[in-house]
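Final position of the sequence shown in the numbering used here is 656; the numbers increase by one with none missing.
Positions of the beta carbon are idealized from the N, C-alpha and C atoms, including for glycine.
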Amino acid sequence: MTDEQDLQNLLNEINAIDEADIKKPAIPFEIYIYEAERLYTRASEDLPKLTAINMPTDLIDNLRMRTNALRKAQLNWVELNNDKKKANADWKAAKPELLKLHKELIQSFQFAFRNNEVAMQKLSKIKKGRSMDDMLMDLCSLSVLGKDNSKLLEAINFDLSLLDRAAETSERMAKVKANKNARLYFQDDMLIIRNKAYTLLKECVDEVRKHGQFAFADQPNIAQAYASKYRREKKREYLKKCKLNKSVTKNEPSTP
Numbered sequence: 401m402t403d404e405q406d407l408q409n410l411l412n413e414i415n416a417i418d419e420a421d422i423k424k425p426a427i428p429f430e431i432y433i434y435e436a437e438r439l440y441t442r443a444s445e446d447l448p449k450l451t452a453i454n455m456p457t458d459l460i461d462n463l464r465m466r467t468n469a470l471r472k473a474q475l476n477w478v479e480l481n482n483d484k485k486k487a488n489a490d491w492k493a494a495k496p497e498l499l500k501l502h503k504e505l506i507q508s509f510q511f512a513f514r515n516n517e518v519a520m521q522k523l524s525k526i527k528k529g530r531s532m533d534d535m536l537m538d539l540c541s542l543s544v545l546g547k548d549n550s551k552l553l554e555a556i557n558f559d560l561s562l563l564d565r566a567a568e569t570s571e572r573m574a575k576v577k578a579n580k581n582a583r584l585y586f587q588d589d590m591l592i593i594r595n596k597a598y599t600l601l602k603e604c605v606d607e608v609r610k611h612g613q614f615a616f617a618d619q620p621n622i623a624q625a626y627a628s629k630y631r632r633e634k635k636r637e638y639l640k641k642c643k644l645n646k647s648v649t650k651n652e653p654s655t656p
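The following block contains the structure:
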């Protein structure tokens, strides 16, 4: 069964978790998933001893399925973030062109239409907006206004191809902006599913680890396989750093 299938099969169980009960990981998601995979392999090997202390056999199957589900949920979240970054980058890259074209059209129209009261009134209405959404609409409106008054523009040697370009830019940039905004709308849902999938997996990981640590309490080398290697190494680094700082402080000359 694929990770996607496991995620879909567990989706009702994942969504049933209350947001107030969501757990926050103390380690990076990728590392937690890797450790859950290692735990599944170890616990599968030790299954006879674990079931001997009354660990439910379906706990191992749940561990595998929930690990796969979280892996897929995390991948979905990472891909969404990447898409979001690309959408933002696309918008940022195209924005200067929009602003430059908008400014060029406004300046040219103001000069070309200066003696045409009707055209100037229409131009004034178009210029009222200040937001980026307004500017997108402006380009389309300016294109129409320019074509309706093309003779006035030709009189100042205006490049009429800019009118089609304005309409095309408006349509293209509207799609870029819509894509950027769409990524924001999906963000919260993806994040919540990922975090709930982690919470569901954590219940299973914690339970398997408790059984493993009890079953191999007299075999420390095996028992440590039922604990987080990442957190163990982080703790070792922290203690080493504390010891080093203490040693430096001790060796510093005291001030008279």
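### Coil, strand or helix - Ser-531 by DSSP
Note: Ser-531 maps to coil in three-state DSSP.
### Message
Measuring only the C-alpha atoms, how far is Glu-607 from Ala-617?
### Response
Distance between the alpha carbons of Glu-607 and Ala-617 is about 15 Å.
### Query
From Arg-565 to Leu-501, what does the alpha carbon distance come to, in whole angstroms?
Rounded to the nearest angstrom, the two C-alpha atoms are 9 Å apart.
### Query
Buried or exposed: where does Thr-569 fall if 16 or more other Cβ atoms within 10 Å of its Cβ makes it buried?
Looking at its Cβ environment, which holds 16 or more other Cβ atoms inside 10 Å, Thr-569 is buried.
### Task
Determine the contact status of Leu-450 and Cys-604, defining contact as a CB-CB distance below 8 Å.
Between Leu-450 and Cys-604, the C-beta gap is not smaller than 8 Å, which leaves the two residues out of contact.
### Query
Looking at C-beta atoms only, is the number of pairs between the region 541-553 and the region 508-526 that lie closer than 8 Å three or more?
Note that the region 541-553 touches the region 508-526; at least 3 beta-carbon pairs, one per stretch, sit closer than 8 Å.
### Query
Do Asn-557 and Phe-513 have their C-beta atoms closer together than 8 Å?
Remark: C-beta atoms of Asn-557 and Phe-513 do not approach each other more closely than 8 Å.
### Query
Is the beta carbon of Met-573 sitting closer than 8 Å to the one on Leu-498?
Here Met-573 is near Leu-498, since their CB atoms are less than 8 Å apart.
### Task
Note down the Cα distance separating Lys-577 from Leu-411, rounded to an integer number of angstroms.
Distance between the alpha carbons of Lys-577 and Leu-411 is about 31 Å.
### Query
In chain order, what residues of the same chain have a beta carbon less than 8 Å from the beta carbon of Thr-457, not counting five sequence neighbours either side?
Excluding sequence neighbours, Thr-457 sits near Leu-447, Thr-451.
### Task
Output yes or no for whether 8 Å exceeds the beta carbon distance between Gln-474 and Phe-509.
Against a cut-off of 8 Å, the Cβ pair of Phe-509 and Gln-474 comes out as no contact.
### Message
Given a cut-off of 8 Å on the beta-carbon distance, is the pair Trp-491 and Lys-575 in contact?
### Response
With a cutoff of 8 Å on beta-carbon distance, Trp-491 and Lys-575 are scored as not near each other.
### Task
Kindly indicate which three-state DSSP category Pro-448 falls into: helix, strand or coil?
Helix, per DSSP.
### Task
Please state whether DSSP places Ser-628 in a helix, a strand or coil.
Ser-628 sits in coil when the DSSP states are folded into three classes, being neither helix nor strand.
### Query
So the alpha helix (DSSP H) Pro-496 belongs to, where does it begin and stop?
458-512 is the span of the alpha helix (DSSP H), which, as asked, contains Pro-496.
### Message
I want to know whether the region 403-419 touches the region 478-488 - three or more CB-CB distances under 8 Å.
### Response
Not touching, per the Cβ criterion.
### Message
Nearer than 7 Å: is that true of the beta carbon of Phe-429 relative to any heavy atom of the ligand FMN?
### Response
Looking for the ligand FMN in the displayed structure turns up nothing, as the structure carries no ligands at all.
### Message
I need the boundaries of the alpha helix (DSSP H) containing Gln-408, first residue and last residue.
### Response
Here the alpha helix (DSSP H) through Gln-408 covers 403-415.
### Backbone secondary structure at Asn-549 - three-state DSSP
Three-state DSSP puts Asn-549 in coil, outside helix and strand.
### Message
Rounding to the nearest angstrom, what Cα-Cα distance links Ile-592 and His-611 in this structure?
### Response
Whole-angstrom Cα-Cα distance: 29 Å.
### Task
Just the C-alpha distance for Asn-468 and Arg-636, rounded to the nearest angstrom, thanks.
When rounded, the distance between both Cα atoms is 30 Å.
#### Entry: Helix, strand or coil at Pro-620 according to DSSP, with G and I counted as helix
For Pro-620, the secondary structure class from DSSP, reduced to helix, strand or coil, is helix.
### Query
Going straight from the alpha carbon of Leu-600 to that of Tyr-432, what length do you get?
Taking the straight line joining both Cα atoms gives about 13 Å.
### Task
Rank Asp-406, Gln-619, Lys-629, Ser-444 by C-alpha distance to the C-alpha of Glu-435 and give the top, closest one.
Per the Cα distances, Lys-629.
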